[in-house]
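All residue numbers for the sequence shown refer to the working numbering, where the first residue is 43 and numbers rise by one. As C-alpha coordinates, the structure follows; a few thoughts come after it.
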Amino acid sequence: MVATPRTRRGDTRRRIQDAALSLFVEQGYEKTSLREIAAQLDVTKAALYYHFKTKEDILISIFEDRTRPLDELIAWGREQPRNQETKRELLRRYSAALHDAAPVFRFVQENQATVRDLSIGGNVKERMFALFELVKEPDASLTDQVRSVSALFTIHAGIFALKDIEGDPEDKRAAVLEVALDLIAAADAGRPLKRSQ
43 MVATPRTRRG DTRRRIQDAA LSLFVEQGYE KTSLREIAAQ LDVTKAALYY HFKTKEDILI
103 SIFEDRTRPL DELIAWGREQ PRNQETKREL LRRYSAALHD AAPVFRFVQE NQATVRDLSI
163 GGNVKERMFA LFELVKEPDA SLTDQVRSVS ALFTIHAGIF ALKDIEGDPE DKRAAVLEVA
223 LDLIAAADAG RPLKRSQ
(Lines of atoms letter the chains of each structure in order from A and count residues from 1; the text may use other names and numbers.)
(Lines give C-alpha, C1' and ligand atoms only; values in the text may rest on other atoms or scores of the structure.)
Protein backbone atom coordinates (compact mmCIF):
# COMPACT_ATOMS: atom_id res chain seq x y z
CA MET A 1 0.00 0.00 0.00
CA VAL A 2 1.37 3.43 -0.94
CA ALA A 3 1.50 5.94 1.88
CA THR A 4 -0.57 9.01 1.11
CA PRO A 5 0.11 12.38 2.75
CA ARG A 6 -2.92 11.75 4.98
CA THR A 7 -1.56 8.33 6.06
CA ARG A 8 1.86 9.80 6.80
CA ARG A 9 0.27 12.66 8.75
CA GLY A 10 -1.73 10.14 10.81
CA ASP A 11 1.42 8.12 11.45
CA THR A 12 3.28 11.26 12.54
CA ARG A 13 0.43 12.22 14.86
CA ARG A 14 0.54 8.75 16.44
CA ARG A 15 4.34 8.85 16.74
CA ILE A 16 4.12 12.21 18.53
CA GLN A 17 1.43 10.86 20.85
CA ASP A 18 3.44 7.73 21.63
CA ALA A 19 6.64 9.67 22.36
CA ALA A 20 4.83 12.26 24.47
CA LEU A 21 2.90 9.65 26.44
CA SER A 22 6.09 7.71 27.12
CA LEU A 23 7.77 10.85 28.46
CA PHE A 24 4.68 11.92 30.42
CA VAL A 25 4.56 8.54 32.16
CA GLU A 26 8.33 8.36 32.70
CA GLN A 27 9.02 11.85 34.03
CA GLY A 28 5.60 13.44 34.54
CA TYR A 29 3.52 15.79 32.46
CA GLU A 30 4.75 18.97 34.15
CA LYS A 31 8.42 18.06 33.75
CA THR A 32 8.14 17.21 30.05
CA SER A 33 8.69 19.98 27.50
CA LEU A 34 7.76 20.19 23.84
CA ARG A 35 11.49 20.43 23.13
CA GLU A 36 12.04 17.02 24.80
CA ILE A 37 9.20 15.48 22.81
CA ALA A 38 10.70 16.86 19.59
CA ALA A 39 14.14 15.55 20.58
CA GLN A 40 12.71 12.10 21.32
CA LEU A 41 11.31 12.05 17.78
CA ASP A 42 14.43 13.62 16.27
CA VAL A 43 12.40 16.46 14.72
CA THR A 44 12.49 20.21 15.15
CA LYS A 45 10.17 21.98 17.54
CA ALA A 46 8.66 23.72 14.48
CA ALA A 47 7.80 20.32 12.97
CA LEU A 48 6.07 19.38 16.21
CA TYR A 49 4.13 22.69 16.20
CA TYR A 50 2.76 21.79 12.78
CA HIS A 51 0.73 19.02 14.46
CA PHE A 52 0.28 20.30 18.02
CA LYS A 53 0.68 23.78 19.49
CA THR A 54 0.88 22.77 23.17
CA LYS A 55 1.49 19.79 25.44
CA GLU A 56 -2.15 19.96 26.45
CA ASP A 57 -3.17 19.63 22.78
CA ILE A 58 -1.08 16.46 22.58
CA LEU A 59 -2.54 15.09 25.81
CA ILE A 60 -6.13 15.83 24.77
CA SER A 61 -5.55 14.11 21.43
CA ILE A 62 -4.11 11.06 23.23
CA PHE A 63 -7.18 10.80 25.43
CA GLU A 64 -9.59 11.33 22.55
CA ASP A 65 -7.92 8.70 20.37
CA ARG A 66 -7.06 6.08 22.98
CA THR A 67 -10.26 6.25 25.01
CA ARG A 68 -12.60 6.21 22.01
CA PRO A 69 -13.15 2.44 22.51
CA LEU A 70 -14.56 3.21 25.97
CA ASP A 71 -17.02 5.68 24.46
CA GLU A 72 -17.99 3.06 21.89
CA LEU A 73 -18.39 0.49 24.68
CA ILE A 74 -20.69 2.80 26.64
CA ALA A 75 -22.78 3.48 23.53
CA TRP A 76 -22.96 -0.28 22.82
CA GLY A 77 -23.94 -1.05 26.42
CA ARG A 78 -26.76 1.49 26.37
CA GLU A 79 -28.31 -0.24 23.35
CA GLN A 80 -28.21 -3.74 24.87
CA PRO A 81 -30.77 -5.45 27.10
CA ARG A 82 -29.98 -5.16 30.81
CA ASN A 83 -29.13 -8.75 31.59
CA GLN A 84 -26.31 -10.88 32.92
CA GLU A 85 -24.82 -11.68 29.50
CA THR A 86 -24.68 -8.01 28.51
CA LYS A 87 -22.88 -7.16 31.75
CA ARG A 88 -20.46 -10.04 31.28
CA GLU A 89 -19.71 -8.94 27.72
CA LEU A 90 -19.32 -5.35 28.88
CA LEU A 91 -16.70 -6.49 31.41
CA ARG A 92 -14.88 -8.53 28.75
CA ARG A 93 -14.81 -5.56 26.39
CA TYR A 94 -13.79 -3.20 29.19
CA SER A 95 -10.88 -5.49 30.02
CA ALA A 96 -9.73 -5.45 26.38
CA ALA A 97 -10.14 -1.67 26.08
CA LEU A 98 -8.13 -1.05 29.25
CA HIS A 99 -5.45 -3.45 28.09
CA ASP A 100 -5.10 -1.48 24.86
CA ALA A 101 -5.13 1.87 26.67
CA ALA A 102 -2.92 0.81 29.60
CA PRO A 103 -0.29 3.56 29.05
CA VAL A 104 -3.02 6.22 29.23
CA PHE A 105 -4.33 4.83 32.50
CA ARG A 106 -0.79 4.58 33.87
CA PHE A 107 -0.44 8.27 33.01
CA VAL A 108 -3.71 9.04 34.85
CA GLN A 109 -2.55 7.14 37.92
CA GLU A 110 0.83 8.88 38.06
CA ASN A 111 -0.39 12.37 37.12
CA GLN A 112 -3.66 12.68 39.02
CA ALA A 113 -3.26 16.37 39.87
CA THR A 114 -2.61 17.23 36.21
CA VAL A 115 -5.58 15.19 35.03
CA ARG A 116 -7.82 16.88 37.59
CA ASP A 117 -6.66 20.35 36.48
CA LEU A 118 -7.00 19.75 32.74
CA SER A 119 -10.19 19.33 30.74
CA ILE A 120 -9.64 15.57 30.41
CA GLY A 121 -10.29 14.97 34.12
CA GLY A 122 -14.05 15.40 33.81
CA ASN A 123 -14.20 13.04 30.85
CA VAL A 124 -12.52 10.24 32.81
CA LYS A 125 -15.05 10.59 35.65
CA GLU A 126 -18.02 10.76 33.26
CA ARG A 127 -16.95 7.52 31.56
CA MET A 128 -16.61 5.71 34.88
CA PHE A 129 -20.05 6.83 36.08
CA ALA A 130 -21.59 5.81 32.74
CA LEU A 131 -20.02 2.36 33.08
CA PHE A 132 -21.24 2.07 36.68
CA GLU A 133 -24.80 2.72 35.51
CA LEU A 134 -24.50 -0.06 32.93
CA VAL A 135 -23.41 -2.76 35.37
CA LYS A 136 -25.41 -2.03 38.52
CA GLU A 137 -29.11 -2.44 39.02
CA PRO A 138 -30.69 0.64 40.60
CA ASP A 139 -33.07 -1.44 42.71
CA ALA A 140 -30.38 -3.89 43.88
CA SER A 141 -29.29 -3.95 47.50
CA LEU A 142 -26.44 -1.65 48.43
CA THR A 143 -24.16 -4.69 48.79
CA ASP A 144 -24.99 -5.86 45.27
CA GLN A 145 -24.46 -2.37 43.85
CA VAL A 146 -21.03 -2.33 45.52
CA ARG A 147 -20.27 -5.74 43.97
CA SER A 148 -21.21 -4.44 40.51
CA VAL A 149 -19.08 -1.31 40.79
CA SER A 150 -16.26 -3.37 42.31
CA ALA A 151 -16.29 -5.61 39.22
CA LEU A 152 -15.27 -2.60 37.12
CA PHE A 153 -12.70 -1.45 39.69
CA THR A 154 -11.26 -4.96 39.80
CA ILE A 155 -10.49 -4.79 36.08
CA HIS A 156 -9.22 -1.24 36.33
CA ALA A 157 -7.02 -1.86 39.37
CA GLY A 158 -5.79 -5.18 37.98
CA ILE A 159 -3.71 -3.36 35.39
CA PHE A 160 -1.64 -1.74 38.12
CA ALA A 161 -1.93 -4.06 41.09
CA LEU A 162 -0.62 -7.11 39.26
CA LYS A 163 2.17 -5.52 37.23
CA ASP A 164 4.82 -6.46 39.81
CA ILE A 165 3.48 -9.97 40.41
CA GLU A 166 5.27 -12.76 38.55
CA GLY A 167 3.39 -14.42 35.74
CA ASP A 168 2.25 -14.18 32.18
CA PRO A 169 0.43 -10.87 31.53
CA GLU A 170 -2.40 -12.62 29.71
CA ASP A 171 -2.85 -15.11 32.57
CA LYS A 172 -3.03 -12.21 35.02
CA ARG A 173 -5.54 -10.37 32.85
CA ALA A 174 -7.66 -13.53 32.60
CA ALA A 175 -7.56 -13.97 36.39
CA VAL A 176 -8.65 -10.37 36.95
CA LEU A 177 -11.50 -10.78 34.47
CA GLU A 178 -12.59 -14.02 36.16
CA VAL A 179 -12.82 -12.27 39.54
CA ALA A 180 -14.78 -9.38 37.98
CA LEU A 181 -17.18 -11.82 36.31
CA ASP A 182 -17.67 -13.62 39.64
CA LEU A 183 -18.52 -10.30 41.31
CA ILE A 184 -21.09 -9.35 38.66
CA ALA A 185 -22.66 -12.82 38.80
CA ALA A 186 -22.93 -12.62 42.60
CA ALA A 187 -24.44 -9.12 42.37
CA ASP A 188 -27.08 -10.23 39.89
CA ALA A 189 -27.89 -13.33 41.91
CA GLY A 190 -28.18 -11.28 45.08
CA ARG A 191 -26.10 -13.79 46.98
CA PRO A 192 -22.78 -13.70 48.78
CA LEU A 193 -19.62 -14.98 47.11
CA LYS A 194 -18.51 -18.45 48.13
CA ARG A 195 -15.94 -18.33 50.88
CA SER A 196 -13.46 -21.09 51.43
CA GLN A 197 -13.58 -22.53 54.94
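Note that beta-carbon positions come from the ideal geometry of N, C-alpha and C, so glycine has one too. The model shown is predicted, which means the values in this text are computed figures rather than measured ones.
For residue i versus residue j, is the C-beta spacing smaller than 8 Å?
| i | j | result |
| --- | --- | --- |
| Leu194 | Ile116 | no |
| Ala108 | Ala143 | According to the sequence shown, residue 108 is Arg rather than Ala. The answer is yes: Cβ separation under 8 Å. |
| Ile58 | Ile102 | no |
| Lys129 | Ile226 | yes |
| Ile197 | Ala228 | no |
| Leu132 | Val177 | yes |
| Thr156 | Tyr71 | yes |
| Leu160 | Glu98 | yes |
| Ser192 | Gly232 | no |
| Pro123 | Leu63 | no |
| Phe94 | Asn165 | no |
| Ala139 | Pro111 | yes |
| Gln126 | Asp230 | yes |
In terms of residue numbering, what span does the alpha helix (DSSP H) encompassing residue i cover?
| i | result |
| --- | --- |
| Val218 | 211 to 231 |
| Asp186 | 184 to 203 |
| Val79 | It is Ile, not Val, that sits at residue 79 in the sequence shown. Residues 76 to 83. |
| Tyr71 | Where Tyr71 is concerned, there is no enclosing alpha helix (DSSP H), given that its DSSP letter is neither H nor E. |
| Lys87 | 87 to 93 |
Please check the pair residue i and residue j, which I expect to be a contact at CB under 8 Å, by giving their CB distance rounded to whole angstroms.
| i | j | result |
| --- | --- | --- |
| Phe149 | Ile201 | Between Ile201 and Phe149 the Cβ distance is about 12 Å, and since that is not below 8 Å, they are no contact. |
| Leu219 | Ser137 | 5 Å |
| Thr74 | Leu83 | So it is not a contact: roughly 13 Å between Cβ atoms. |
List in chain order: all unbroken alpha helix (DSSP H) runs of 4+ residues lying wholly within the region 98 to 164. 110 to 121, 126 to 142, 144 to 152, 154 to 159
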